[in-house]
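Some notes on the structure that comes next.
There are 2 protein chains.
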Amino acid sequence: MTRQQLVQLIRERQSYLCVGLDTDIEKIPQHLLQEEDPVFAFNKAIIDATRDVCVAYKINTAFYEALGVKGWIALDKTVRYIGNSHFTIADAKRGDIGNTSDQYAKAFFEAMPFDSVTVAPYMGEDSVKPFLQHAGKWAIVLGLTSNKGASDFELQPLQSDEHLYEKVLTSVSNWGSPDNLMFVIGATQAEQFVQIRKLTPHHFYLVPGVGAQGGSLKEISEKAMNEDIGLLVNASRAIIYAGKGEDFAEQAYKVAKEYQVEMAGYLVKN
Amino acid sequence: MTRQQLVQLIRERQSYLCVGLDTDIEKIPQHLLQEEDPVFAFNKAIIDATRDVCVAYKINTAFYEALGVKGWIALDKTVRYIGNSHFTIADAKRGDIGNTSDQYAKAFFEAMPFDSVTVAPYMGEDSVKPFLQHAGKWAIVLGLTSNKGASDFELQPLQSDEHLYEKVLTSVSNWGSPDNLMFVIGATQAEQFVQIRKLTPHHFYLVPGVGAQGGSLKEISEKAMNEDIGLLVNASRAIIYAGKGEDFAEQAYKVAKEYQVEMAGYLVKN
Numbered sequence: 058m059t060r061q062q063l064v065q066l067i068r069e070r071q072s073y074l075c076v077g078l079d080t081d082i083e084k085i086p087q088h089l090l091q092e093e094d095p096v097f098a099f100n101k102a103i104i105d106a107t108r109d110v111c112v113a114y115k116i117n118t119a120f121y122e123a124l125g126v127k128g129w130i131a132l133d134k135t136v137r138y139i140g141n142s143h144f145t146i147a148d149a150k151r152g153d154i155g156n157t158s159d160q161y162a163k164a165f166f167e168a169m170p171f172d173s174v175t176v177a178p179y180m181g182e183d184s185v186k187p188f189l190q191h192a193g194k195w196a197i198v199l200g201l202t203s204n205k206g207a208s209d210f211e212l213q214p215l216q217s218d219e220h221l222y223e224k225v226l227t228s229v230s231n232w233g234s235p236d237n238l239m240f241v242i243g244a245t246q247a248e249q250f251v252q253i254r255k256l257t258p259h260h261f262y263l264v265p266g267v268g269a270q271g272g273s274l275k276e277i278s279e280k281a282m283n284e285d286i287g288l289l290v291n292a293s294r295a296i297i298y299a300g301k302g303e304d305f306a307e308q309a310y311k312v313a314k315e316y317q318v319e320m321a322g323y324l325v326k327n
Numbered sequence: 058m059t060r061q062q063l064v065q066l067i068r069e070r071q072s073y074l075c076v077g078l079d080t081d082i083e084k085i086p087q088h089l090l091q092e093e094d095p096v097f098a099f100n101k102a103i104i105d106a107t108r109d110v111c112v113a114y115k116i117n118t119a120f121y122e123a124l125g126v127k128g129w130i131a132l133d134k135t136v137r138y139i140g141n142s143h144f145t146i147a148d149a150k151r152g153d154i155g156n157t158s159d160q161y162a163k164a165f166f167e168a169m170p171f172d173s174v175t176v177a178p179y180m181g182e183d184s185v186k187p188f189l190q191h192a193g194k195w196a197i198v199l200g201l202t203s204n205k206g207a208s209d210f211e212l213q214p215l216q217s218d219e220h221l222y223e224k225v226l227t228s229v230s231n232w233g234s235p236d237n238l239m240f241v242i243g244a245t246q247a248e249q250f251v252q253i254r255k256l257t258p259h260h261f262y263l264v265p266g267v268g269a270q271g272g273s274l275k276e277i278s279e280k281a282m283n284e285d286i287g288l289l290v291n292a293s294r295a296i297i298y299a300g301k302g303e304d305f306a307e308q309a310y311k312v313a314k315e316y317q318v319e320m321a322g323y324l325v326k327n
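Listed in order, the protein sequences are those of chains A and B.
For reference, each letter of the first sequence is one residue, going 58 to 327 in the numbering used here.
For reference, each letter of the second sequence is one residue, going 58 to 327 in the numbering used here.
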């Protein structure tokens with residue numbers, strides 16, 4: 058999916074919501090466990106219910122890998138089921154030396170039809186670049202994350218007088234363009250958003266941490282929206298586990314719809 | 058596998074060689090392509106040939122993920138085929154917020170029987186700790202890697218007057234112990250090995266970059282061996298692609314045996 062297509066999708070649906078499919082077999086409603094593929098059955102119901110109010114789905118690969126081969130099958134079925142109507146994100150935090158990153162890009166962009174994959178920057182340029190060489194595909198590189206551990210390394214000050222995550226943003230943005238590169242910026246880091254937007258004015262951010270992790274949608278939207286919106290705000294647990302009974306998909310829709318309505322309000326001002 | 062068991066294995070086999078199964082379906086001998094699972098057939102032959110001269114196998118997950126579900130099946134079969142006679146490494150460079158890293162640990166330590174997984178440190182403590190909470194299992198955290206991109210971030214000087222990778226080594230070593238935590242240190246970074254050993258005197262290092270990437274086994278062994286050896290030196294392409302014909306496993310054995318003989322020489326002095 059191109060940047061232009063993504064922006065158009067956001068304007069049409071009046072939403073920059075990304076639904077995170079962190080599907081944990083231990084947390085899905087009991088009645089689904091009799092299905093042949095409970096994880097896929099859960100995802101299918103969530104996708105059917107939320108399609109019209111979101112523009113992206115983020116599949117957290119860890120939850121699928123934890124189930125072994127069966128999980129990898131559910132992952133593959135899920136991304137194919139979503140199809141081309143949404144921007145798809147393999148939230149996989151990959152990254153390795155060049156010839157290995159090439160293989161990861163192949164895994165998510167060729168063996169499976171993902172639009173994008175999240176990438177860890179620690180190993181530098183040759184670990185990121187292979188994800189930027191597929192037309193219409195995106196690398197979403199970790200900038201400043203939403204977790205407590207962000208302070209351990211990401212927020213360390215460098216001798217060049219910037220924090221590590223700022224160095225990552227400025228270096229990595231030279232390796233790609235706003236057409237094939239986004240950054241992960243945690244919603245819990247709202248006080249940094251103005252500075253981050255200064256460093257990378259035109260890039261999209263994938264923003265996790267709203268909902269279960271406590272970030273504010275209002276604050277993020279006010280501080281970080283740009284001329285092309287530039288935001289995909291993700292909620293996972295707050296949406297997909299909104300209900301625990303047979304009406305779980307309906308409950309998920311209600312929460313997703315609330316986010317969409319709130320987002321429509323911020324889009325009016327854009 | 059415990060540290061004690063690993064050290065004993067090294068002393069018995071007179072080898073600290075790790076064979077890297079970066080098995081690329083486009084590089085394996087043609088005649089294997091008629092097998093039902095060519096990747097597993099290749100791995101099985103390499104494992105049978107090299108078992109006696111190495112103590113570890115490192116499976117680079119990217120090459121398996123690139124094949125989709127079939128690849129994940131080959132990965133699973135390979136680690137089970139190796140069994141308990143060797144230390145097994147899922148070279149997967151994982152790492153995410155706590156609840157997600159938990160799932161990755163489950164994937165490699167429960168759904169599959171790996172002894173260890175390589176972990177990217179960028180996201181800090183809560184992204185690493187879940188890999189340290191499984192008895193007899195190990196996290197192998199990226200310290201200083203062998204690729205060109207290591208200079209982009211890992212070698213950046215911090216205001217605390219250490220390089221980022223040094224901060225990673227000292228911080229991460231407080232989150233675990235030499236009994237459940239190793240570091241990845243690239244063989245091409247030999248000039249840093251003395252300083253790295255000072256910072257982490259008792260930890261094992263997984264050292265890739267010998268062979269195809271040009272690192273020197275002699276230099277690493279002289280600079281970084283400790284009282285418990287403390288080294289697993291990996292070679293992938295140099296061993297597994299030593300031959301291209303029907304005798305590929307025999308050729309792989311010959312190269313692996315050369316490494317083992319050289320290693321035995323360095324072990325005498327230990």
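We put the beta carbon where it would ideally sit given N, CA and C, even for glycine.
Residue i beta carbon near the ligand NAD (any heavy atom closer than 7 angstroms)
i, result
"G77 of chain A", "Absent from the structure shown: the ligand NAD. Ligands present: none."
Rounded separation between residue i and residue j - CA only
i, j, result
"Q160 of chain B", "A131 of chain A", "15 angstroms"
"Q61 of chain A", "R68 of chain A", "11 angstroms"
"T107 of chain A", "A309 of chain A", "7 angstroms"
"P170 of chain B", "I103 of chain A", "32 angstroms"
"N100 of chain B", "K115 of chain B", "11 angstroms"
"F97 of chain B", "L89 of chain B", "10 angstroms"
"F165 of chain B", "A123 of chain A", "7 angstroms"
"M58 of chain A", "I253 of chain B", "44 angstroms"
"I297 of chain A", "G272 of chain A", "17 angstroms"
"T257 of chain A", "I85 of chain A", "38 angstroms"
"Q190 of chain A", "N204 of chain A", "30 angstroms"
"L215 of chain A", "V176 of chain B", "23 angstroms"
"V241 of chain B", "L201 of chain B", "7 angstroms"
"V267 of chain A", "L274 of chain A", "7 angstroms"
"Q317 of chain A", "E248 of chain A", "23 angstroms"
"A168 of chain A", "V251 of chain A", "38 angstroms"
"I286 of chain B", "N156 of chain B", "34 angstroms"
"K186 of chain B", "S208 of chain A", "15 angstroms"
"A113 of chain A", "I146 of chain A", "7 angstroms"
"I154 of chain A", "D304 of chain A", "45 angstroms"
"S217 of chain A", "T227 of chain A", "12 angstroms"
"Q91 of chain B", "D79 of chain B", "20 angstroms"
Assigned exposure category for residue i - 16 Cβ within 10 Å defines buried
i, result
"V290 of chain A", "buried"
"A299 of chain A", "buried"
"Y138 of chain B", "exposed"
"S234 of chain B", "exposed"
"K255 of chain A", "exposed"
"P178 of chain B", "buried"
"G302 of chain B", "exposed"
"N328 of chain B", "The requested residue 328 of chain B is not part of the displayed model; chain B covers only 58 to 327."
"G77 of chain A", "buried"
"V325 of chain A", "exposed"
"G193 of chain B", "exposed"
"G140 of chain B", "exposed"
"Q213 of chain A", "buried"
"S72 of chain B", "buried"
"V109 of chain B", "A small correction: the amino acid at residue 109 of chain B is Asp; Val does not occupy that position in the sequence shown. When all chains shown are included, D109 of chain B counts as exposed."
"T118 of chain B", "buried"
"Q246 of chain B", "buried"
"G128 of chain B", "buried"
Interface partners of residue i on chain B, CB under 8 angstroms
i, result
"D133 of chain A", "G125 and V126"
Beta-carbon neighbours of residue i, restricted to chain B and to distances below 9 angstroms
i, result
"M180 of chain A", "K150, A177, L199, T202, N204, G206, A207, D209, F210 and E211"
"I130 of chain A", "V126 and W129"
Beta-carbon neighbours of residue i, restricted to chain A and to distances below 7 angstroms
i, result
"D153 of chain B", "A119 and K150"
"M169 of chain B", "G125"
"T157 of chain B", "N117 and A119"
Contact list for residue i against chain B, beta-carbon separation under 7 angstroms
i, result
"K163 of chain A", "A123"
"Q61 of chain A", "Correct list: empty, because the minimum Cβ distance to chain B is about 29 angstroms."
Within chain A, the residues that residue i reaches when beta carbons sit closer than 9 angstroms
i, result
"Q190 of chain B", "Per Cβ cutoff of 9 angstroms: no residues; Q190 of chain B is ~15 angstroms from chain A at best."
Cross-chain neighbours of residue i in chain A, by beta carbon under 8 angstroms
i, result
"S184 of chain B", "N204 and G206"
**Q.** Whole runs of the beta strand (DSSP E) within the segment 175 to 209 of chain B, excluding any shorter than 3 residues
**A.** Taking only runs of at least 3 residues, the beta strand (DSSP E) segments lying wholly in the segment 175 to 209 of chain B are 195 to 201.
Q. What are the start and end residues of each continuous alpha helix (DSSP H) run of 4 or more residues lying completely inside the segment 58 to 106 of chain B, in chain order?
A. Qualifying alpha helix (DSSP H) stretches, in chain order: 60 to 70.
Q | Segments assigned beta strand (DSSP E), at least 3 residues, entirely inside the segment 105 to 133 of chain B | A | Within the segment 105 to 133 of chain B, complete beta strand (DSSP E) segments of at least 3 residues are found at 113 to 117, given in chain order.
Q: With 7 angstroms as the C-beta to C-beta threshold (strictly closer), list the residues of the segment 213 to 236 of chain A near chain B in chain order.
A: Against chain B - using a Cβ distance shorter than 7 angstroms - the residues of the segment 213 to 236 of chain A are Q213, P214, L215, Q216, L221, K224, V225 and S228.
Q: Give, in chain order, every unbroken run of the alpha helix (DSSP H) that is at least 4 residues long and sits entirely within the segment 214 to 285 of chain B.
A: As for any alpha helix (DSSP H) of minimum length 4 sitting wholly inside the segment 214 to 285 of chain B, the runs are 221 to 232, 250 to 256 and 274 to 281, ordered along the chain.
Q | the segment 241 to 269 of chain A: positions lying closer than 7 angstroms to chain B by Cβ | A | Answer set for the segment 241 to 269 of chain A: empty.
Q) For the segment 297 to 321 of chain A, which residues have a CB atom closer than 7 angstroms to at least one CB atom of chain B, in sequence order? A) Taking 7 angstroms as the upper bound on Cβ-Cβ separation, chain B lies near no residue of the segment 297 to 321 of chain A.
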